[in-house]
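Chains as they are written, first to last, in UniProt numbering: chain E, 1 to 416; chain W, 1 to 416.
Cβ coordinates follow ideal geometry from the N, Cα and C atoms, glycine included.
Beneath this line is the structure, given in structure tokens, with notes to follow.
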């Protein structure tokens, strides 16, 4: 580490081949048919991937620390002892039929950025760190984003100790068994956090952008809607004499979609679960229920859209001779990322001439938790057809390299 | 039997109290909570109700015959040996949570008509008969309308012998065990058949009609519709980039209802079963399926409406970025009842000054089977709120008496 980076230097290039090869190395752990991986948090597969990451970090000269939630923070010292750690990472755990990039890319991009600096002999004033947050996916242990939630103080030590899998296994016991339960319930202080992640949506690909600079994570509201009408005989009951709860629900779904479209391109209004109390082709449905998933990056717009969706259901219920009750089940506020972190990423993308856009994240990420206590932002890499949580998930080596170069620039900027 | 009825006589009045009391007597057999009855075909409860009916028929001087399907035909001789039997009846079996009137009223009305003639000492030229068709409901033994289907030649002797309950019990074995398996596979010849039944719908009550003269039974088509789109993440996938199969299905349901309404008051278009391949509030649905139940009393109109429903699904699928496959599962032709039988019932209703209307039956009935081989019609009695197959099913003593008076007149007309 003989040099300090400065703006007059030509931009560093990360090693795209090494980055890709490490993706493939991790993917072999818990590999499943069709280019997928299954590494549920704190299983043997997760532990094996953690051990491989730890060995790479050790080889890169990083000092690994593991906290009470099993979060891994591998630190590269800075030249100024007064500076806080500028960190980057994501998660190594996967969905049961997960792909090779969700989470993994963010951890490996952070490691690649550090190794690129090592290779170039460049020191930073602030320490850097590679982070692997525990149990982002929340498959075996709920809730998801467990490690970052604990880090941000959203999950207490006690709640963490009480976390159990469906089979009764305590999170603490399994983490200890795998060798990944740290002693310290102290949170390792970070001065900034950047997370690279695949987009998990189609926007960047569709708009031919190579990089997404994530300015926010959408807020989320779930509304439970129950529609009550009257069960009736499909043969004997005239159409104008029905209180058909499924028909009322169908009208609501169509109108909810219209309301979402009218709210602009950042709005999401979705119904993915719809149930009926009766299930016979010859019975007019008397009771139907569904869940509306509403998302928007702006708090006020999200509240307005939620109110509009509620009104649509209530109005169409009456017009269909039914009644509707609408109950808010979940509400997560939007997260606005730190302006300095966003600017550092955007400067990197612009300086290198990548096609990029600012974007709101539709999915939740560890970064949204970390942002509550640390200046944070994210960078998105396009993924093919927007597919994720699927063995067909794919991000190209070129796009991963571009995103990692932007991450490298931003880390250098923040840690300079 | 000293008199022959003629038009100069004042109309006979059936005994409304006796008719009601017999409803209550039958209802006690297999009584369940909330004014309901459970008498599945050929169970001990059905056998007990049959025995009670047989005793009443014997007391009324009728000769009981039982055929190979367990159908009961209790004959009152006529004065002209050359004439065929003019019969009336329905069924004594019920749904698992059935009411006191569905089926029962038709059997007891036929018996009441005969007893009224007995009380008045009136003979008819043609023999009369009270009929109880076996297993109309089809709960324990499928298909429903079993006795009348066998009678009409729609179910062979072999198919009848192969009919089993879900627990493996053969219909023949259980019918023999209960004492209700007749020896003769000969069908007892009928010259005409009239069935009184509760409407099981709301039309008569809503229009304040006391009597419905049933001219037809609606034809029925079931269409299986499968809608294919693409599973997607509800947070990351923009609304204008989705192939949302549930949203497409919702648009179809709304449009199918419009098509039914445009087809006039006799049309029925219903969706009572809708399923999705995924079930998560945050997943855009990639696969949805539903069944369209389409009914109309006119064959050509039913075919046209079925084609229109198919086109609606195919068009809206494309407009929603999805594909739809539409497959016809069931098609039952409409039944037009016999003009002479309809006229006999209508004359009775008109002569007595009852508020009546002609009506198409939306539900299937034994009469629709019998009509394939015997001149047939039906008379409907209003039922409260159109509720049936439910312990809250209710028809008033006054309305039951009115319908039975009309039935009496029509039987006298046909048997004179």
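Inter-residue Cα distance where the pair is residue i and residue j
i: residue 300 (chain E); j: residue 143 (chain E); result: 27 Å
i: residue 61 (chain W); j: residue 76 (chain W); result: 7 Å
i: residue 292 (chain E); j: residue 234 (chain W); result: 10 Å
i: residue 193 (chain W); j: residue 174 (chain W); result: 28 Å
i: residue 169 (chain W); j: residue 43 (chain W); result: 11 Å
i: residue 381 (chain W); j: residue 403 (chain W); result: 6 Å
i: residue 296 (chain E); j: residue 236 (chain W); result: 11 Å
i: residue 373 (chain E); j: residue 152 (chain E); result: 6 Å
i: residue 15 (chain W); j: residue 409 (chain W); result: 14 Å
i: residue 45 (chain W); j: residue 29 (chain W); result: 6 Å
i: residue 97 (chain E); j: residue 220 (chain W); result: 44 Å
i: residue 307 (chain W); j: residue 314 (chain W); result: 11 Å
i: residue 266 (chain E); j: residue 238 (chain W); result: 7 Å
i: residue 363 (chain E); j: residue 406 (chain E); result: 21 Å
i: residue 1 (chain E); j: residue 59 (chain E); result: With a pLDDT of 44 at residue 1 (chain E), under the threshold of 50, the modelled position of that residue is not reliable, and no figure is offered here.
i: residue 316 (chain W); j: residue 326 (chain W); result: 12 Å
i: residue 245 (chain W); j: residue 147 (chain E); result: 35 Å
i: residue 359 (chain E); j: residue 334 (chain E); result: 13 Å
i: residue 257 (chain E); j: residue 270 (chain E); result: 7 Å
i: residue 37 (chain E); j: residue 136 (chain E); result: 15 Å
i: residue 41 (chain E); j: residue 207 (chain E); result: 34 Å
i: residue 268 (chain E); j: residue 33 (chain W); result: 48 Å
Contacts that residue i makes with chain W (C-beta to C-beta distance below 8 Å)
i: residue 346 (chain E); result: The contacting residues do not exist; residue 346 (chain E) stays about 21 Å from chain W at best.
Supposed contact pair residue j and residue i - C-beta distance, whole angstroms, cut 8 Å
i: residue 39 (chain W); j: residue 49 (chain W); result: 6 Å
i: residue 129 (chain E); j: residue 85 (chain E); result: 5 Å
i: residue 337 (chain E); j: residue 214 (chain E); result: 6 Å
i: residue 71 (chain W); j: residue 391 (chain W); result: Not quite, the Cβ-Cβ distance comes to about 27 Å (not below 8 Å), so this is no contact.
i: residue 218 (chain E); j: residue 90 (chain E); result: Not quite, the Cβ-Cβ distance comes to about 18 Å (not below 8 Å), so this is no contact.
i: residue 354 (chain E); j: residue 210 (chain E); result: 5 Å
i: residue 167 (chain W); j: residue 181 (chain W); result: About 18 Å; that fails the 8 Å criterion.
Beta-bridge partners of residue i, as assigned by DSSP
i: residue 292 (chain W); result: W:223 and W:271
i: residue 67 (chain E); result: E:184
i: residue 36 (chain E); result: E:32
i: residue 104 (chain E); result: Bridge partners of residue 104 (chain E): none, in fact.
i: residue 211 (chain E); result: E:356
i: residue 98 (chain W); result: W:37
i: residue 132 (chain E); result: E:72 and E:90
i: residue 197 (chain W); result: W:380
i: residue 233 (chain W); result: W:283
i: residue 228 (chain W); result: W:287 and W:323
i: residue 332 (chain W); result: W:220
i: residue 165 (chain E); result: E:141
Residue nearest to residue i in terms of C-alpha spacing, selected from the options
i: residue 324 (chain E); options: E:302, E:341, E:354 and E:289; result: E:289
i: residue 184 (chain E); options: E:73, E:33, E:339 and E:404; result: E:73
i: residue 196 (chain W); options: W:412, W:11 and W:108; result: W:108
i: residue 344 (chain E); options: E:414, E:224 and E:66; result: E:414
i: residue 23 (chain W); options: W:127, W:188 and W:92; result: W:92
i: residue 139 (chain W); options: W:25, W:389 and W:104; result: W:389
i: residue 318 (chain E); options: E:189, E:252, E:411 and E:148; result: E:252
i: residue 114 (chain E); options: E:12, E:239 and E:270; result: E:12
i: residue 376 (chain W); options: W:202, W:359, W:349 and W:339; result: W:339
i: residue 106 (chain W); options: W:260, W:131 and W:163; result: W:131
i: residue 69 (chain W); options: W:163, W:378, W:257 and W:201; result: W:163
i: residue 332 (chain W); options: W:126, W:150, W:222 and W:120; result: W:222
i: residue 17 (chain E); options: E:311, E:47 and E:116; result: E:116
i: residue 280 (chain E); options: W:401, W:275, W:281 and W:282; result: W:275
i: residue 99 (chain E); options: E:387, E:397 and E:401; result: E:387
Neighbour flag for residue i against chain C, beta carbons, 8 Å
i: residue 291 (chain W); result: The chain inventory of the structure shown lacks chain C, comprising the protein chains E and W.
Neighbouring residues, chain E, relative to residue i (Cβ below 9 Å)
i: residue 202 (chain W); result: 232, 236, 237, 238 and 241
i: residue 279 (chain W); result: 272, 273, 274 and 275
i: residue 310 (chain W); result: Within 9 Å Cβ-Cβ: nothing; residue 310 (chain W) doesn't reach chain E, min ~16 Å.
i: residue 334 (chain W); result: Chain E residues near residue 334 (chain W): none, gap ~12 Å exceeds 9 Å.
i: residue 388 (chain W); result: 233 and 236
Contact test: residue i Cβ vs the ligand ADP heavy atom, cutoff 7 Å
i: residue 100 (chain E); result: Absence of the ligand ADP from the depicted structure is noted, as is the absence of any ligand whatsoever, leaving it without description.
Contact list for residue i against chain W, beta-carbon separation under 7 Å
i: residue 218 (chain E); result: 235
i: residue 250 (chain E); result: 250, 253 and 254
Amino acids of chain E, ordered along the chain, whose beta-carbon sits closer than 7 Å to that of residue i
i: residue 283 (chain W); result: 272
i: residue 363 (chain W); result: 233, 235 and 236
i: residue 226 (chain W); result: The contacting residues do not exist; residue 226 (chain W) stays about 14 Å from chain E at best.
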